[in-house]
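What follows is a short report on a single structure.
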Amino acid sequence: MCGIVGYVGPRDCSDVLVSALTKLEYRGYDSAGIAVFENGKIEVAKTKGRLSDLVDKMKKEGKPQGHAGIGHTRWATHGEPSDINSHPHSGRRVTIVHNGIIENYKDIKKFLIENDRTEFLSDTDTEVVAQLLDFYYDGNPIRCIRKVLHEIRGSFALGIVFADRPETVYAVRCESPLIVGQGKGEAFIASDVPAIIKYTKDYYLLEYGEIAVLKNGSVSFCDLHGRMVEKELKTADFDEDSAEKGGYEHFMIKEIHEQPTAVKTTITPRIENGMPDLSECGITPEILRSFNNIFIVACGTAMHAGMVGKYVIEKLARVSVTVDIASEFRYRDPLIGENDLVIIISQSGETADSKAVLNLVKQTKAKSLAIVNVKGSSIAREADMVIYTHAGPEIAVASTKAYMVQLSVMYLLAFEMAYAKGKITEFECRNLTEQLVKTPEYIEKAIELEYNCQYISTKLITADSLLYIGRGLDYALSMEGSLKLKEISYIHSESYAAGELKHGTISLITEGMPVIAVATQNSLLEKTVSNIKEVKARGAMTIVICDEFAEIDDDAVDFLIRIPKISEVLMPMIATVPMQLLAYYTSVNKGNDVDKPRNLAKSVTVE
Ligand code: M6R
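Residues in the sequence shown are numbered from 4 upward in steps of one, following my numbering.
Next comes the structure, spelled out in structure tokens:
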């Protein structure tokens, strides 16, 4: 939630900040602003709306001219999106940008008011921090930041400039992510690496409570106690192209097309002589044998990947798996045993509720395993074991390729665990692994259904509501199909276990209501087809996703999407593609902002 950036160096600072913010707009996009030192004075430009509105404003009114500054793109938490609530926020001598939330801002505001600081312009928690910094500022920025860090509570990352410290940017991180980029004679801060990849691939990961000082093109660090810290310089393993649309109209469709490669990159290093091998992630057969129960905890799409994981692990490895929404799990006082495994799945590795679950698990004797896409993210660093997915940067708010690689890891884990526990033979394990290796090819073929899906999506745009139905793995998958559609098309949809419809939900079916039925599980096909006929008989317009050989009666179907057939257990990896495409084209046909759907942000770092 919210993206922050900062720059110190020879380039035009406003241009660098805007360019970096463009790459962070997925984190929030209801207002934007920058603050730049111009002739030794801090000049602020900010506005409600998209970054493009800020650019337009600066074209009309002039942009701050200088070589050091900070910038922000916002997802509102405290106070509606408005010019006044946009960042940067200032005290008398301090200006800041902020990502995250300050939980005790009301107490701090009360304290400031009691001490004659009453000049609050906005409704934000951020302005309270700016005022508090100003209150304590005695000419020593580090001392002042440290003092404030001891008083504010919450999850946050800050970019700070002090009026009497021109050409210098300070940054600090507690919970919310922040990286510090180091170029030749220039330095950056950003909430995420893609923001600065155009300028440099080299960056430092700021740790909890560390303060960075960017000055004269270089960076120094100190800890909460003011002691200097030496940090390891990291190099990003992707380039600028990965963070660009590369000729596609939207990031989402680009990312759908990247899925075959993403799966290959994720699974190849984890397969040895045709068998799954997660030892590079610290996961051995002995460890996999040791668990009594598994909890998979995540949010949104990542939780849906966990649902598929549950079906597959239970089916193959015969271990009981519970899937939970992180925001529920953390408060439901779960019974976690010492021989249990808690798997946390997260694309960003920064999702607040998922992070909280990890903290909770750390208070038990259970082991935690993170399945994370963003390298060096908090969840990845704090879990006992980590399996990185290698999807590369996912920019569209609607997750596609990250889900796909999460599925591929679920399979690797299930196969290795099933074999380690003696529930499948080596032959069966090799066979399943071989099928998994072939999935990129099948995903590629499923993507070729793009035009068919584009056509069918024209039938969905007028719907007020629709249903996704399926059984078993198809049900797990339809949850993701439904989420994808609603988040970017704004059409209400529900996923339902096909067999459960007649216990209530079938009453919703009216003439022409679209029902998307996923029927890829041959063992359940007849039963699913019966359920499709039940809704069809009540007037539904049915769209059926099944494999290329499935026998489906013509009278059950209005539109058929046939996908390549692979082993039944792996069908979710293929069937998810038409669902992504249906959602994408419905959103496009409705004229929506596909990559930046309303009210959403990519990385949900608040509770
Ligand atoms: O970064 P995470 O995977 O932890 O994010 C979890 C959800 O916020 C995320 O999957 C969200 O549901 C996406 N917008 C779905 O497309």
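Each residue gets a CB set at the ideal place from its N, CA and C atoms; glycine is no exception. From a predicted model like this one, the values you see are computed outputs, not experimental measurements.
Answer yes or no: the CB of residue i versus the heavy atoms of the ligand M6R, is any distance below 8 Å?
i    : result
G303 : yes
E419 : no
T508 : no
I632 : Examination of residue 632 is not possible in this model, given that the chain is present from 4 through 610 alone.
K605 : yes
G94  : no
T461 : no
G475 : no
T354 : yes
S357 : yes
L486 : yes
E1   : Because the chain here runs from 4 to 610, residue 1 falls outside it and cannot be looked at.
A383 : no
S179 : no
A265 : no
S22  : no
S194 : no
Roughly how many angstroms separate the alpha carbons of residue i and residue j, rounded to a whole number?
i    : j    : result
A38  : E170 : 12 Å
K404 : A305 : 11 Å
T589 : M4   : 26 Å
A394 : A265 : 5 Å
S381 : G352 : 6 Å
T76  : G103 : 12 Å
E356 : K234 : Contrary to the premise, residue 356 reads as Asp rather than Glu in this sequence. About 28 Å.
K237 : Q350 : 20 Å
E130 : G52  : 19 Å
E247 : Q262 : 16 Å
D336 : A369 : 14 Å
F552 : N525 : 10 Å
D550 : M574 : 9 Å
I569 : H228 : 57 Å
I348 : N376 : 9 Å
I99  : V58  : 20 Å
S34  : K66  : 17 Å
A133 : K257 : 40 Å
Measure from the alpha carbon of residue i to the alpha carbon of each residue in the options, then state which is nearest.
i    : options                   : result
R14  : G188, T76 and K112        : G188
A71  : I390, Y587, A174 and I286 : A174
E41  : T461, V183, V11 and P567  : V11
I105 : L152, V315 and R30        : L152
I192 : K201, Q134, Y29 and V172  : V172
S22  : A320, I200, A449 and R541 : I200
R168 : F123, K150 and I45        : I45
I299 : T428, D33 and L361        : L361
I182 : V440, I259, Y108 and L27  : L27
E385 : E210, E317, F241 and N118 : E210
T25  : V222, I398, F224 and D467 : I398
I459 : Q583, D550 and V47        : Q583
K441 : C147, N455 and I577       : I577
M388 : S282, L486 and F332       : S282
The beta strand (DSSP E) spanning residue i covers which residue range?
i    : result
P517 : P517 to A522
R296 : Looking at the sequence itself, residue 296 is Asn, so the reference to Arg does not match. That run of the beta strand (DSSP E) goes N296 to A301.
T98  : V97 to I105
L511 : Segment: none, L511 is in no beta strand (DSSP E) and carries neither H nor E.
S323 : S323 to I328
R565 : F562 to I566
K370 : K370 to V375
A79  : Careful: A79 lies outside any beta strand (DSSP E) and carries neither H nor E.
In terms of residues, what are the limits of the alpha helix (DSSP H) holding residue i?
i    : result
I116 : Y108 to E117
A417 : K404 to A423
A355 : A355 to K365
M61  : L54 to E64
L24  : C16 to T25
K599 : From DSSP, K599 is part of no alpha helix (DSSP H); its letter is neither H nor E.
Check whether the Cβ of residue i lies closer than 8 Å to any heavy atom of the ligand PLP, and answer yes or no.
i    : result
A401 : Among the ligands modelled here, namely the ligand M6R, the ligand PLP does not occur.
From the beta carbon of residue i, is the nearest beta carbon of chain D less than 9 Å away?
i    : result
P288 : Within the model displayed, chain D is absent; a lone protein chain is all it includes.
Report the start-end ranges of each alpha helix (DSSP H) in the region 453–507 that is 4 residues or longer and not cut off at the edges. 453–460 and 476–492
Taking the runs of the beta strand (DSSP E) that are 3 residues or longer, which of them lie wholly in the region 129–203? 157–165, 171–177, 182–186 and 189–193
Whole alpha helix (DSSP H) runs in the region 225–309 with 4 or more residues, listed along the chain? Positions of the alpha helix (DSSP H) runs, each at least 4 residues long and wholly inside the region 225–309, are given as 254–260, 262–270 and 288–292 in order along the chain.
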